[in-house]
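Read in UniProt numbering, the sequence shown has 127 at position 127, and its numbers run on one by one without any break. In what follows, a structure is listed as structure tokens, so that the remarks can point back to it.
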Amino acid sequence: MLVFACVAIFPLFRSTPALGDEGVTLRAVSYNIKHGLGMDGKLDLKRTGSVLDELEADVVALQEVDRGVNRSGSVDQPEELAKQLKMHAAFGSFMELQGGQYGLAILSRHPIVREHVIRLPRGNEPRVALAVEVRLPNAAPLMVVNLHFDWVSDDSFRFDQARALNEYLATLKIPYLLMGDFNDVPESRTLKLFSENSLEVAKPAEDRFTFSSVDPKKEIDFLFVHPKSNWTVERVRVIDEALASDHRPVAATLTIRVGE
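This is how it looks when you write it as structure tokens:
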């Protein structure tokens with residue numbers, strides 16, 4: 001089921017990615033921000049924004065985001081981050097929480113032209129995926145999809161959610177960039193499902209763990225792109241940031257060739 005997401009738009013000041021015969025270069029980041037609650041127990045959304053600002057991303061997928069929730073000061077976190085980073089923002093809600101909403105957000109340096117939320121099968125708690133279509137500098141469309149699958153040890157919830165999202169992805173007629181907290185490991189059937197039709201933006205083998213941030217021993221945050229032939233992975237990093245959240249950000253530089 002598709003429902004509308006909410007978008008906030010703020011002026012853009014930074015230069016656009018490189019564009020030419022070789023395609024469009026994008027800097028993409030996926031980050032579970034734990035509603036701005038750091039490993040020091042401090043709620044500091046500006047610190048979260050500073051981490052993202054240093055990465056100078058063009059598109060950002062954020063998980064565990066609050067909007068108007070008491071525990072995070074009742075602020076609109078996507079709006080606040082969009083203001084701080086001078087980006088466009090979209091939000092998709094998992095559920096009502098403490099007077100507000102809890103869910104996912106996407107930030108984009110490029111205009112967001114449409115957006116929706118894909119309701120996924122319920123697991124331990126409600127889950128959705130957030131999809132936005134952005135317009136690249138050459139006017140080509142790109143779908144950016146953000147997810148946060150169920151965390152429980154039994155993977156049946158995750159796999160059901162993955163299959164539902166995969167069905168949605170199969171309907172897309174434009175290239176897509178899929179990012180998020182999969183809450184599963186590379187050898188899982190959940191990850192293998194997406195690898196069948198999409199290219200994993202693989203991290204360096206010696207630096208691939210994303211959770212937990214202080215002493216990471218699990219790789220559960222991933223990026224995928226489709227169609228495989230249109231994309232080149234230039235660089236992938238797990239950012240050495242142990243304080244701002246319980247996950248580390250994943251940053252990738254990608255080139256997409258459109259019209260092929």
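Quick reminder that beta carbons are idealized off the backbone N, C-alpha and C, glycines included. No experiment lies behind these values; they were computed from the predicted model shown.
Okay, do the segment 131 to 146 and the segment 72 to 84 touch, 3+ Cβ pairs below 8 Å being the bar? In this structure the segment 131 to 146 does not lie against the segment 72 to 84, because fewer than three pairs of beta carbons, one per stretch, are closer than 8 Å.
At 3 residues or longer, and completely inside the segment 176 to 216: list those beta strand (DSSP E) runs for me, N to C. Given a length threshold of 3 residues, each whole run of the beta strand (DSSP E) inside the segment 176 to 216 is given here in chain order: 176 to 181.
Beta carbon of L120, beta carbon of L169: below 8 Å? no
A61: buried (16+ other C-beta within 10 angstroms of its C-beta) or exposed? Answer is buried; the Cβ neighbour count reaches 16.
Which whole-angstrom value describes the C-beta separation of L177 and A57, a residue pair presumed to lie in contact below a C-beta threshold of 8 Å? Actually they do not touch by this definition, with Cβ atoms about 12 Å apart.
When burial is assigned at 16 or more other CB atoms within 10 Å of the CB, is R248 buried or exposed? buried
Separation of V132 from F222, as counted between CA atoms: The alpha-carbon atoms of F222 and V132 are separated by roughly 18 Å.
Buried or exposed (CB count within 10 angstroms, at least 16 for buried), V65: buried
Would you call I174 buried or exposed, if buried means 16 or more other Cβ atoms sit within 10 Å of its Cβ? Counting other Cβ atoms within 10 Å of its Cβ, I174 stays below 16 and is therefore classed as exposed.
Looking only at its chain, what residues have a beta carbon closer than 6 Å to the beta carbon of S93, apart from the 5 residues adjacent to it on each side? Shown here for S93: same chain residues with a beta carbon closer than 6 Å to its own, the five before and five after excluded, namely Q101, G103 in chain order.
Grab me the residues of E200's own chain with a C-beta within less than 6 Å of its C-beta, minus the 5 sequence neighbours each way, in chain order. Within the same chain, and ignoring the five residues on either side of E200 in sequence, the residues whose Cβ sits closer than 6 Å to its Cβ are F224.
Local Cβ density within 10 Å of P216, reported as buried at 16 or more and exposed below that: Burial call: buried.
Per DSSP, which residues does T255 bridge with? Please list them. T25, T232
Excluding the 5 residues flanking W231 on each side, which residues of the same chain have their C-beta closer than 8 Å to its C-beta? P175, L199, V225, L254, T255, I256, R257
Would you report the Cα separation of N70 and D207, rounded to the nearest angstrom? 36 Å
Looking only at DSSP bridge pairs, what is E241 linked to? Note: E241 sits in no beta bridge, so no partner.
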